[in-house]
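Visitor: Protein chains in written order, with full-length UniProt numbering: chain A, 1 to 120; chain B, 1 to 199. The beta carbon of each residue, even a glycine, is placed where N, CA and C say it ideally should be.
#1: State the Cα-Cα distance for the pair residue 153 (chain B) and residue 23 (chain B), rounded to the nearest angstrom.
#2: Could you tell me the distance, in whole angstroms, from the CA atom of residue 178 (chain B) to the CA atom of residue 90 (chain B)?
#3: Show which residues of chain A have a CB atom less than 8 Å away from the CB atom of residue 134 (chain B).
#4: So residue 186 (chain B) is in the alpha helix (DSSP H); what residue range does that whole segment cover?
#5: Would you call residue 117 (chain B) buried or exposed, if buried means 16 or more other Cβ atoms sit within 10 Å of its Cβ?
#6: Could you give the DSSP three-state label for residue 17 (chain A): helix, strand or coil?
#7: Which parts of the segment 141-180 of chain B are runs of the alpha helix (DSSP H), unbroken and 4 residues or longer, counting only runs that do not cross its ends?
#8: DSSP three-state label for residue 86 (chain B), please.
#9: Less than 8 Å between the beta carbons of residue 28 (chain A) and residue 38 (chain B), yes or no?
#10: Quick one: what does DSSP say residue 114 (chain B) is sitting in, helix, strand or coil?
#11: Assuming contact is defined by CB atoms lying nearer than 8 Å, are residue 54 (chain B) and residue 87 (chain B) in contact in what I supplied?
#12: Taking the alpha carbon of residue 135 (chain B) as the point to measure from, which residue in A:102, A:16, A:39 and A:32 has its own alpha carbon closest?
#13: Is it the case that the Cβ atoms of residue 63 (chain B) and residue 83 (chain B) are separated by a distance below 8 Å?
#14: Anything in the segment 31-42 of chain A with a Cβ closer than 9 Å to a Cβ of chain B? List those residues in chain order, please.
#15: Is the beta carbon of residue 78 (chain B) closer than 8 Å to that of residue 171 (chain B)?
#16: Is it the case that the Cβ atoms of residue 183 (chain B) and residue 151 (chain B) are separated by a distance below 8 Å?
#17: Look at the alpha carbon of residue 65 (chain B) and the alpha carbon of residue 97 (chain B), and state the distance between them as a whole number of angstroms.
#18: Distance, Cα to Cα, residue 9 (chain A) vs residue 92 (chain B)?
#19: Compare the C-beta of residue 125 (chain B) with all C-beta atoms of chain A and state if any pair is closer than 8 Å.
#20: Quick check: what's the CA-CA separation for residue 58 (chain A) versus residue 69 (chain B)?
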C-alpha cells in the first residue's frame, strides 16, 4: 500500500507518529547518540583488528611463497661444475666418430701396430 | 621480488581498507541517525517504558552493526528492523516468563489501568482522529497502538509508518508475506475501532 492509497486517518496517524519523534527530550537524544557512537566504535575495533590481522597474514603468506619459490627455482639456475663436466662427457660420447673409435678400439690398436710394416 | 611487491602494496591495501571502512561507517551512522527516533518510538510502544526502549534500541544498533554492517546500504532498512523486532520479541518473552512468576502477586492491579468509559464508542462522530487536536490524537494513538498485539503493531508500524513493502516487512518480522497482510488487516481493524472510541 503506497501513500496515495492510505485512508485519511492512517495518514493522520503517520503524521502524528512523525511529530512524536520530533519532540524527544535532550536526554533521550543524547542517549541515542551515545548508543549509536558505541555501536560504531565496536565496528572500528573490528575493522582495525581485521585490517591488522589480514596485513600480518598477507605478509606471512608472501614470505612463505617467496621462500618456497626460492627453494624450488635456485638449483635450476645455479651452475654446478660437476654437472657441466658430466654434460661435456655426454656430448663427447654422443658424437658418432667417438663411438666408432670406442667400438673398434682393437682394430685401431692393431692398425697402429701394423703401420710401420706397411710403410716398409 | 614477490615478497617486496607484497610488502609494498600492503600499506596501500590497508589504507584503502580503512578508507572504505571510514566511508561505510559514515554511511551506517547516517542510516542509524535517520531511523533511531522511530526505532525508539517503536520500542516504546512495545515496552511502555523509555529506558527499556532505549536499551532495546541500543542492543539493536549493536546487533545490526555487528551482523549486518558489511551489507550493502540497500539491505540495511529491513535488516535493522529485523534486529529490533527480534529484540522486542525477546523482551516480550522475558516479560511473559517474569509475569508468570510474579502474576500471582500482582493479580488484580491491571484492572485499574483500563478505563472502561474510554472504550465506549460514540457513533455520532465522523472518523477516527478527525476531530482530535494533535496532543489528544497522539495520546489516543499511543493507547491504541499499545493495545494492539505485538505482531499486529509491528506490521502496522513497519508497513504504514516505516514504509516497507510487504516482502521487506515479512523479512523484518521473519514471517510469510501472507502473515504480514493478515496482521496488518487485523491491526487496521483494531486501530480503527480503538480510535473511534476516542472520537
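Guide: Answer, in terms of the structure:
#1: 35 Å
#2: 23 Å
#3: Within chain A, the residues near residue 134 (chain B) are 16 and 19.
#4: Looking at the DSSP string, the run of the alpha helix (DSSP H) that includes residue 186 (chain B) is 177-196.
#5: Interpretation of residue 117 (chain B) is limited by its pLDDT of 49, a score under 50 that renders its predicted location unreliable; the figure taken from the coordinates is listed afterwards. Exposed, by the Cβ-count rule.
#6: Residue 17 (chain A): helix per DSSP, three-state reduction.
#7: 150-156 and 166-173
#8: helix
#9: no
#10: The pLDDT assigned to residue 114 (chain B) is 49, lower than 50, so where the model puts this residue is not dependable; a value taken from the coordinates is nonetheless given after this. If DSSP states are grouped into helix, strand and coil, residue 114 (chain B) belongs with coil.
#11: no
#12: A:16
#13: yes
#14: 31, 32, 33, 34, 35, 36, 37, 38, 39, 40 and 42
#15: yes
#16: Cβ atoms of residue 183 (chain B) and residue 151 (chain B): closer than 8 Å.
#17: 29 Å
#18: 29 Å
#19: Reliability of the predicted coordinates at residue 125 (chain B) is poor, the pLDDT of 48 falling under 50, and the value obtained from them is presented with this limitation in mind. False, the Cβ-Cβ gap to chain A never drops below 8 Å.
#20: 24 Å
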